[in-house]
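Whatever position you read off the sequence shown (first residue = 1), add 30 for this note's numbering.
Some notes on the structure that comes next.
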Amino acid sequence: MGARIKDIRNKEKWIITELHNGENILLSLGMGADVLFFHNEKNQADKYQVKVVFCDGSG
31 MGARIKDIRN
41 KEKWIITELH
51 NGENILLSLG
61 MGADVLFFHN
71 EKNQADKYQV
81 KVVFCDGSG
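Printed below as a string of C-alpha cells:
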C-alpha cells in the first residue's frame, strides 16, 4: 500500500488508523481479536489474516 500512518485513535471497540493518503484502516475488537507484534517474520503463525510491514523494519 505504501502509506504513512497519520493518526491512530479509538472509538468504542474500534481502532482507527488514519493514513496520510486519506484511507483508513479499521480494526474491530468487538468479538475478541488479537493484535500481535513479531520482531522476526519466522516466528509468525500462518493463521493470521493481516500483516503490517513498517518501512523502518520494525514490524
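Note that beta-carbon positions come from the ideal geometry of N, C-alpha and C, so glycine has one too.
Rounded to the nearest angstrom, the gap between the Cα atoms of C85 and D64 is 22 Å. The criterion of a C-beta distance shorter than 7 Å is not satisfied by K41 and L49.
For D37, the enclosing beta strand (DSSP E) begins and ends at 35-41. Distance between A75 and E53, taken at the CA atoms: about 27 Å. Spanning the alpha carbons of I38 and T47 requires a straight line of approximately 4 Å.
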